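What follows is a single structure, written as structure tokens, with notes after it.
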Amino acid sequence: MAQFQEVSKLSSQHPKPPGLVLQYGTAGFRSNAKHLDHAMFRTGLLATLRSKKTKATIGVMVTASHNPEEDNGVKLIDPMGNMVTAEWEGYATQLVNAEQDDLLIVLKDIIEKETVNMSQEANVFVGKDTRSSSVSLSQAVLDGVLALSGHSKDYGLVTTPQLHYMVCCQNTQGKYGEPTVEGYYRKLCQAFIQLIKNASNCTDDQKHLSVDGANGIGALKLHEMESHVKSELQISVFNDGSKGKLNYECGADFVKMQQKPPTGMEMSPGERCCSYDGDADRIVYYYTDSEGQFHLLDGDKIATLISTFLKELLTQVGLDLKIAVVQTAYANGSSTRYLEDTMKVIVRCTKTGVKHLHHAAQEFDIGVYFEANGHGTVLFSEVAEEKIQLLTQDPNTNDERKRAAQLLQNTINVINQTVGDAISDMLLIEAILAIKGMTVQQWDAIYTDLPNRQLKVKVADRRVIDTTDAERRAVSPAGLQEAIDSLVKKYKLARSFVRPSGTEDVVRVYAEAETQESADALAHEVSLAVYRLAGGVGDEPKPLH
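For the sequence shown, position 100 (counting from the first letter as 1) is numbered 100 according to UniProt numbering, and the numbering increases by one without interruption.
Have a look at this one:
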């Protein structure tokens, strides 16, 4: 077959380093950029097969998100803008790890297993972040698409959520929006401006937001978008990539992990600030108080603000729709208690990883999901969207209900439902704060986080730890859960859980309690139990104080 000759020919220009093994995980492939040329070419091949199989456009995003600048990565985007299925993640790993001489065998094997019609047309959208390595690596993806006679559209520099959005727009024949960057800004910003009309006289101070762009693609796209939000939001962008290094001492991940502002950010006390990560699919907010104390508003606080707003609108509009917040075991206990006890919102806990949260959120009329790291969005069922739409059009709807229905309608349009999106989440948060006339301090005061501590314990083999109940309880090794239970009983408002890392031989320990001292002590005692019962290596964990 002529097309396989083309694969052989082009593949020799993108040779695989012998013996190198890569694993396709939640974040796709990630590694040092020097090791990825073959992986990019082969991901281009696989995206073409996936497009033929689904008879739809598939996306390929070249990015390593919050990783250091010298790394890069790639991930596949399925037809509705969602993540590729687990089965095809497996194919990606097989194809990328096939030694040069076995490439065609593995490729044909996938074609056979999936009964791919090779004469079916294929369309692939490709995007990249601002890393210097992304230029040649995205070209390798395009070569892969070409090798199997696929059609490609190169979007060039885009945020990861923008490419997810384009793929969804394309495959819904424009029903979700127009598959252009310009169309993306128009849809989100028009909805934002409609929402802001419901805010009573915001001062210029209240309209101002400082954004840390992580020296990445998000900063670039914010500058492009500024004209669309007109004077309704005044953004000062820091770490815009003009001089700093991508993700170095800046970005959402740095701020969340270090619990301090990014380098290069000018902050006045009480000023509202936020940070994107390297590919703009995560966001966290923060401020410093008059004493110079740093306050972080992470994914839990964001989910609480959004779900509270939506719940109030649903009450005003009188629609009986089921709203839920989906969290992981890492969500702060205070947020869970506030949502369940005060807001009377359903809270569902799932395993760690965006795809688990996204999947659980789809079970409700409105599903709000955010990981504590700031990655999340809101999903609306078709039924929910239709009911809201009907109310906005019904001439018999009274003014209060109509206003609430229109607010819900515009909220749906400002949200990127395909994936977590820092730009979209930022616009929604800014609109909610303006409509409610809330300061960042008032938002922060909705509930107070319980002090917590996360630790890692090195073990010989992480697979000895097996968990259940959304990773909140350990099933093996024997005796570990009992040990954790008895340690937790020693402290007030305490809980703790352990889970194996997805990438290295370490066990992650999480503990929270009434005071920081108690949380630290509990985390240390649980790490000791893990070390002793789960085959710890190296020195045993030392107390934190």
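Ideal placement from N, C-alpha and C gives every residue a C-beta, glycine not left out.
Model, not experiment: these values are computed from the prediction.
Item: Proximity of residue 298 and residue 374 at Cβ, strictly below 8 Å; Value: yes
Item: Nearest-angstrom beta carbon gap, residue 210 and residue 265 [assumed within contact, 8 Å]; Value: 7 Å
Item: Inter-residue spacing [alpha-carbon to alpha-carbon] between residue 398 and residue 318; Value: 11 Å
Item: Separation of residue 431 from residue 415, as counted between CA atoms; Value: 12 Å
Item: Rounded Cβ spacing between residue 49 and residue 116 (contact assumed at less than 8 Å); Value: 5 Å
Item: Cβ pair residue 407, residue 365 closer than 8 Å; Value: no
Item: Closest by C-alpha distance to residue 96, when choosing among 18, 55 and 302; Value: 18
Item: DSSP beta-bridge partners of residue 208; Value: 234
Item: Pairwise C-alpha distance: residue 151 and residue 294; Value: 49 Å
Item: Residues bridged to residue 349 [DSSP beta-bridge criterion]; Value: 327
Item: DSSP-derived helix/strand/coil call for residue 131; Value: coil
Item: Residue 164 classed as buried or exposed, judged by whether at least 16 other C-beta atoms fall within 10 angstroms; Value: buried
Item: Neighbour-count burial assignment, residue 82, 16 or more Cβ in a 10 Å radius; Value: buried
Item: Segment contact, 8 Å Cβ cut-off, at least three pairs: the stretch 337-357 with the stretch 384-397; Value: no
Item: Where residue 530 falls: helix, strand or coil (DSSP); Value: helix
Item: Residue 411 (DSSP reduced to helix, strand or coil); Value: helix
Item: Beta-carbon contacts of residue 158 that lie in its chain and below 6 Å, excluding the five residues immediately before and after; Value: 127
Item: Identity of the residue in 462, 232 and 326 nearest residue 502 by Cα; Value: 462
Item: Rounded straight-line distance, which links the Cα of residue 529 to that of residue 477; Value: 11 Å
Item: Where residue 243 falls, given that 16 or more other Cβ within 10 Å makes a residue buried; Value: exposed
Item: Touching by the beta-carbon criterion (3+ pairs, under 8 Å), the stretch 330-343 and the stretch 430-450; Value: yes
Item: Segment contact flag, the stretch 123-141 with the stretch 57-68, C-beta cutoff 8 Å, min 3 pairs; Value: yes
Item: Cβ-Cβ distance between residue 452 and residue 404 below 8 Å; Value: no
Item: Beta-carbon proximity check, residue 7 vs residue 104, cutoff 8 Å; Value: yes
Item: Beta-carbon proximity list for residue 409, same chain, < 8 Å, skipping 5 on both sides; Value: 388, 389 and 392
Item: Inter-residue spacing [alpha-carbon to alpha-carbon] between residue 381 and residue 412; Value: 11 Å
Item: Residue 200 to residue 376 span [Cα, whole Å]; Value: 28 Å
Item: When 154, 250, 437 and 490 are compared against residue 197, the one with the closest alpha-carbon; Value: 437
Item: Integer-rounded CB distance, given that residue 459 should sit under 8 Å from residue 527; Value: Going by Cβ atoms, the distance from residue 527 to residue 459 rounds to 11 Å, so no, they are not a contact pair.
Item: Per-residue DSSP class, three states only, for residue 161; Value: helix
Item: Residue 545, buried or exposed, once every other Cβ within 10 Å from all chains shown has been counted against 16; Value: exposed
Item: Three CB pairs or more closer than 8 Å across the stretch 68-84 and the stretch 36-46; Value: yes
Item: Where the alpha helix (DSSP H) containing residue 317 begins and where it ends; Value: 299-317
Item: Residue 224: first and last residue of the uninterrupted alpha helix (DSSP H) it sits in; Value: 217-229
Item: Extent of the continuous alpha helix (DSSP H) to which residue 444 belongs; Value: 440-444
Item: As assigned by DSSP and simplified to three states, the class of residue 454; Value: strand
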